[in-house]
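If you use my numbering, the sequence shown corresponds to residues 5 to 461, in order.
For glycine and all other residues, C-beta sits at the position ideal for the given N, C-alpha and C.
Every value quoted in this text rests on a predicted model; they were computed, and no experiment measured them.
Please read the structure below before turning to the comments.
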Amino acid sequence: MTVTVRFAPSPTGRIHIGNARTALFNWLFAQKHKGRFVQRFDDTDTLRSKQEYADSILYDLHWLGIFPDATDYQSRRVHIYDAAVERLKQAGVLYPCFETPEELDLRRKIRRTRGLPPVYGREALTLTAKQLADLEADGRRPHWRFLLPNFKSDPQETERTDIHWNDLVRGEETVDLASLSDPVLVREDGTYLYTLPSVVDDIEMGISHVIRGDDHVTNTGVQIALFKALGAEVPVFGHHNLLTTTTGEGLSKRTGSLSIEGLRSDGIEPMAVASLAVLIGTSENVQPMPDMSELAAHFDPAATSKSAAKFDPEELVVLNRGLMHTLSFANARDRLAVLGVSGDQAEQFWNIVRGNLDRLSDAVSWWRIVQDGPLDKPEFEPEELQFVREAFDLLPEEPWTATVWKDWTARVKDASGRKGKALFLPLRLALTGLVSGPELADLLPLLGREGTLARRP
5 MTVTVRFAPS
15 PTGRIHIGNA
25 RTALFNWLFA
35 QKHKGRFVQR
45 FDDTDTLRSK
55 QEYADSILYD
65 LHWLGIFPDA
75 TDYQSRRVHI
85 YDAAVERLKQ
95 AGVLYPCFET
105 PEELDLRRKI
115 RRTRGLPPVY
125 GREALTLTAK
135 QLADLEADGR
145 RPHWRFLLPN
155 FKSDPQETER
165 TDIHWNDLVR
175 GEETVDLASL
185 SDPVLVREDG
195 TYLYTLPSVV
205 DDIEMGISHV
215 IRGDDHVTNT
225 GVQIALFKAL
235 GAEVPVFGHH
245 NLLTTTTGEG
255 LSKRTGSLSI
265 EGLRSDGIEP
275 MAVASLAVLI
285 GTSENVQPMP
295 DMSELAAHFD
305 PAATSKSAAK
315 FDPEELVVLN
325 RGLMHTLSFA
335 NARDRLAVLG
345 VSGDQAEQFW
355 NIVRGNLDRL
365 SDAVSWWRIV
375 QDGPLDKPEF
385 EPEELQFVRE
395 AFDLLPEEPW
405 TATVWKDWTA
415 RVKDASGRKG
425 KALFLPLRLA
435 LTGLVSGPEL
445 ADLLPLLGRE
455 GTLARRP
């Protein structure tokens, strides 16, 4: 059987790094097993789902290096769900309920006072044909619940019914169906909740592995029962831990927390996002992976911790910095050209400055410094100003070799008696306007003697 996975967000907002974690787990799993990746939009929430969000999710996935083998929308597949509903009704495992939310809330409170679990008591199954007819005559419209197989013969006499599965991430897992309410699959207005379309689509699309966040662990027992009720083979489930901030705050599409769009706008590289999203909360060290194939080699779902994966967004900057330091000019050329960094000096410039960049866009300010001098003209105390001017008078003549910085500073040291920071810092300030940056031994040949003299204060 071909490994087939899916990423199934609701298009109700822009995805964040936590959503990307799920997408990447699925994509890398498919890549490792030469399988298929299906992009499915769970857009049954017609009020909040928008095509612009679906489009943005696809754009974000492509930016991350994820390219679906197929894309589909649940809103276009309602006829398939309708057919599944009829099958469940015919099998007697989907039954109508007429309680209002207020009535259900009251019943839950009564059960709690009696020391019973606040699950649905299946009162609807005790209604007579006349009672059902009267409710419909009063204008009541039913919602429909799936009858969980947690009893022997009488649905009112539930008993412990364990559903077991070997979780791809968490190992052996168990859910007791007797601890759960019969889930509502169809609302009063005929629209579907998450559970039924998800299971039906997984069946119809041949999904072999369902990899998702561990907030769905409890749902799995119900879904396995529904797979079986529809006569389908149960897929392999895997539930990874969720990402939270260092304070334990969860991420949300609605609030835009660490959205992929925002990270991209902030200059964070796709592989920095992917590396953190996949490796955080696993037994692997979080380090910047150069590409997806390398990340796939370090990816192991079973190595994922069961506890939430807390991370500091600043870790993304650290990973980004690591990627910049190893990014070749060939891979950076086109993006640098868009930023105005081009020409005969561009490659030499990039190789010199990349070790000092957090983001590729940071190269722009260094390019301006190289081309035009310090962005902000440094101010020197009189003694320092005299020292710098005298130092510039000692610049070696051309041609300049790779040793020009060493030769120049040796002359300045002999003439001034200065050494260390007292010698180097004023010269760095004069040349770049900054107290740190690329090695001046590398930068000086790029500036040339004429460009260097132009910076004499």
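Determine the direct distance from the alpha carbon of residue j to that of residue i, and round the result to whole angstroms.
i	j	result
G359	Y57	37 angstroms
K425	K38	56 angstroms
A24	A278	8 angstroms
K232	L247	32 angstroms
L92	P15	28 angstroms
D142	F150	24 angstroms
I114	V123	11 angstroms
L32	S365	29 angstroms
T251	P430	43 angstroms
V322	T104	53 angstroms
H66	T224	29 angstroms
C101	L200	17 angstroms
F391	A367	30 angstroms
V345	L450	14 angstroms
L62	A12	12 angstroms
I524	A95	Because residue 524 is not part of the residues shown, which for the chain are 5 to 461, the question remains open.
V179	Y77	30 angstroms
P294	K314	23 angstroms
A414	R422	10 angstroms
D59	G119	49 angstroms
W148	M296	44 angstroms
A133	T117	31 angstroms
A312	G254	10 angstroms
V374	L331	20 angstroms
Based on Cα-Cα distance, which residue from the options lies nearest to residue i?
i	options	result
R10	T50, S53, G22, T75	T75
P386	E394, L379, D380	E394
L389	F150, L433, R116	L433
Q43	F71, W67, R111	F71
P146	T162, E90, P382, R191	R191
F353	R363, V342, F333, D362	F333
G377	R126, L448, Q55, E402	L448
G242	Q375, I211, G235, S256	I211
V439	D158, L110, E298, F384	F384
L234	E107, A88, T117	A88
R170	S263, V221, W404	Sequence check: residue 170 is Asn here, not Arg. Nearest C-alpha to N170: V221.
D304	D46, H20, R174, Y99	R174
A306	T8, E176, K156	E176
Closer than 6 angstroms by C-beta to residue i: which residues in its own chain qualify, once you throw out the five before and the five after it? Chain order, please.
i	result
L131	none
F29	I215, H244
P382	L433, G437
E288	H302
The ligand SAM heavy atoms versus the CB of residue i: any closer than 8 angstroms?
i	result
L331	Only the bare structure without any ligand can be found here, which leaves the ligand SAM out of the picture.
Here's the rule I'm using: 16 or more other beta-carbon atoms within 10 Å means buried, otherwise exposed. How should residue i be labelled?
i	result
N245	buried
I272	buried
H168	exposed
Q227	buried
P3	Since the displayed the chain opens at 5 and closes at 461, residue 3 lies outside it and no answer follows.
L152	buried
H213	buried
G22	buried
R339	exposed
D138	exposed
M5	exposed
L343	exposed
D348	exposed
G17	buried
H329	exposed
L172	buried
T308	buried
L110	exposed
In chain order, what residues of the same chain lie with their CB nearer than 7 angstroms to the CB of residue i, ignoring the 5 residues before and after it?
i	result
A445	W409, K410
N324	I272, E273, A276, D362, R363
A182	N154, T162, E163, R164, T165
L399	W412, R453, T456, L457
E208	I84
Q160	R126
D186	Y124, R126, R149, F150, L151, L152
R112	P122
So, for residue i: in the same chain, excluding its five sequence neighbours on each side, which residues have a beta-carbon less than 8 angstroms away from its beta-carbon?
i	result
P442	I356, V357, G359, N360, W370
R372	L379
S420	F391, E394, A395, L427
A300	L32, Q35, K36
A229	F150, L152, P153, I167, L181
Given 8 angstroms, three or more beta-carbon pairs between the segment 266 to 274 and the segment 283 to 291: The segment 266 to 274 vs the segment 283 to 291: no contact.
At least 3 beta-carbon pairs within less than 8 angstroms: the segment 195 to 211 vs the segment 39 to 51: A contact exists between the segment 195 to 211 and the segment 39 to 51.
At least 3 beta-carbon pairs within less than 8 angstroms: the segment 201 to 217 vs the segment 78 to 85: Yes, the segment 201 to 217 touches the segment 78 to 85.
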